[in-house]
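S.K.:
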Amino acid sequence: MSCGELNQYGAVSGTIEHLDGRHLDPVEAFRGVPYASPPVGNLRFMPPVTGALWSGVKKADRFSPVCPQRLPDIYNETAALERMPRGRLEYLRRLLPYLRNQSEDCLYLNIYVPTQGIHSHLAWEPVRR
6 MSCGELNQYG AVSGTIEHLD GRHLDPVEAF RGVPYASPPV GNLRFMPPVT
56 GALWSGVKKA DRFSPVCPQR LPDIYNETAA LERMPRGRLE YLRRLLPYLR
106 NQSEDCLYLN IYVPTQGIHS HLAWEPVRR
């Protein structure tokens, strides 16, 4: 578990991920970090509004819902292969489990930061435009 300060919103707690069978260093993973208020109700179809601050440490260890989208029918393989190459079909089959949880409340980031030695990236600075 790692913990960092995320911009002006508050502290987040993520996980350290080790990729099995790969020659990659571990990364700090912060999943489902809100970056704007949910675009529901009066905010629907409006530009994003700055998210609310939180106190304490927000647990950021789960993927949040993805934005609503129409998914292609890939269950009938013969019909699907008439519309797309096999490689795309196989890719969509791997991706589909991550796309099932859909919601208009979908303005979240998944942040992955390489760990370096014993020092991890614990202090987050806002991105300036």
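Following our numbering, the numbering of the sequence shown begins with 6 at its first residue and continues without gaps. All residues carry an ideal CB built from backbone N, CA and C; glycine is no exception.
(1) If you measure between the beta carbons of Leu76 and Ala85, is that distance less than 9 angstroms?
(2) Here's the rule I'm using: 16 or more other beta-carbon atoms within 10 Å means buried, otherwise exposed. How should Leu54 be labelled?
(3) Is it the case that the Cβ atoms of Tyr113 and Ser69 are separated by a distance below 9 angstroms?
(4) Hey, could you find the ends of the alpha helix (DSSP H) Gly92 is sitting in?
(5) Using three-state DSSP, classify Arg88 as helix, strand or coil.
(6) Verify whether the separation of the beta carbon atoms of Leu43 and Asp110 is less than 9 angstroms.
(7) Take Pro73 as the anchor and find which of Ala16, Gln107, Val38, Val32 has the nearest alpha-carbon.
(8) Along the beta strand (DSSP E) that carries Leu114, what are the first and last residues, could you check?
(9) Within the chosen definition, does the stretch 18 to 28 reach the stretch 55 to 68 through at least 3 CB pairs nearer than 8 angstroms?
(10) Counting along the chain, where does the beta strand (DSSP E) carrying Ser18 start and finish?
(11) Output yes or no for whether 9 angstroms exceeds the beta carbon distance between Ile79 and Leu97.
M.R.: With the structure as the only source:
(1) In the sequence shown, the residue the question calls residue 76 occupies position 71. In the sequence shown, the residue the question calls residue 85 occupies position 80. Not in contact: Leu76 and Ala85 (Cβ atoms no closer than 9 angstroms).
(2) Locating residue 54 in the sequence shown gives position 49, where the first residue counts as 1. Sequence check: residue 54 is Val here, not Leu. So Val54 counts as exposed.
(3) Residue numbering aside, residue 113 sits at position 108 when the sequence shown is read from its first letter. Residue numbering aside, residue 69 sits at position 64 when the sequence shown is read from its first letter. Taking 9 angstroms as the Cβ cut-off, Tyr113 and Ser69 qualify as a contacting pair.
(4) What you label residue 92 is simply residue 87 of the sequence shown in a count that begins at 1. Run containing Gly92: 91 to 104, per the alpha helix (DSSP H) assignment.
(5) As a working mapping, residue 88 is identified with position 83 in the sequence shown. DSSP places Arg88 in helix when its eight states are reduced to three.
(6) To locate residue 43, count along the sequence shown from 1; it is residue 38. To locate residue 110, count along the sequence shown from 1; it is residue 105. Contrary to the premise, residue 43 reads as Pro rather than Leu in this sequence. Against a cut-off of 9 angstroms, the Cβ pair of Asp110 and Pro43 comes out as a contact.
(7) Locating residue 73 in the sequence shown gives position 68, where the first residue counts as 1. If we check each option's Cα against that of Pro73, Gln107 comes out closest.
(8) By 1-based counting over the sequence shown, the position of residue 114 is 109. Start and end: 113 to 119.
(9) yes
(10) The residue you call residue 18 lines up with position 13 of the sequence shown. Start and end: 15 to 22.
(11) What you label residue 79 is simply residue 74 of the sequence shown in a count that begins at 1. What you label residue 97 is simply residue 92 of the sequence shown in a count that begins at 1. Yes. Within cutoff.
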